[in-house]
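Written out below as structure tokens is the structure these notes cover.
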Amino acid sequence: MKLEGGCYCGQVRYVAEGDPMMQAQCHCRECQYITGGAPNMFMAIPVAGFKFTKGTAKQFARKDLEHPVTREFCPECGTHMTTRPQGFPAVIVKVGTLDDPKQFTPKAAIYTIDKQAFHQIPDGLATFERLPVRG
Ligand SMILES: [Zn+2]
Ligand SMILES: [Zn+2]
């Protein structure tokens, strides 16, 4: 699968290739800050298949957390595009920044422990209080 996308103003662009390791909607409290309140729709792409092709994303990681994620966003328009978690070899791509968001098919709802009453989960979607247990 090949994904292309970028920020709202077009200054930063990326290409992501590979089989998504996860496609999901995340209901966690942190994502609510980033999305505007809704669950965050994302695809986890293997690190090796992801690269920025235009511009330089600004990086941010909280200094008050022991294992913060690194968030990447456009320094001009502020669009948050990607997140790099520690200890998981994936780039988390926000579906709203894809040129064609229809490439996304949600397979799971995660961190439903933080779900708000106004969040929707499609019928039949696998749900997890936190992360799916791998095994
Ligand atoms: Zn921008
Ligand atoms: Zn989240």
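Offset between the sequence shown (1-based) and my numbering: plus 11. Cβ atoms here follow ideal geometry from the backbone N, Cα and C, with glycine treated the same way.
| Asked | Found |
| --- | --- |
| Heavy atom of ligand 2 within 7 angstroms of Tyr-44 beta-carbon | no |
| Three CB pairs or more closer than 8 angstroms across the region 18–34 and the region 103–119 | yes |
| Alpha-carbon spacing of Cys-42 relative to Gly-29, whole angstroms | 24 angstroms |
| Span of the alpha helix (DSSP H) around Tyr-25 | Run containing Tyr-25: none in the alpha helix (DSSP H); it sits in the beta strand (DSSP E), 24–28. |
| Assumed close pair Ala-68, Pro-79 - CB separation to whole angstroms, cut-off 8 angstroms | With 8 angstroms as the limit, Ala-68 and Pro-79 do not qualify as a contact, their Cβ atoms being about 16 angstroms apart. |
| Phe-63 versus Arg-24 - alpha carbon distance | 6 angstroms |
| Spatial distance of Asp-125 from Gly-21 (CA atoms) | 32 angstroms |
| Span separating the alpha-carbon of Leu-109 from that of Glu-77 | 30 angstroms |
| Coarse secondary structure for Cys-42, derived from DSSP in three states | helix |
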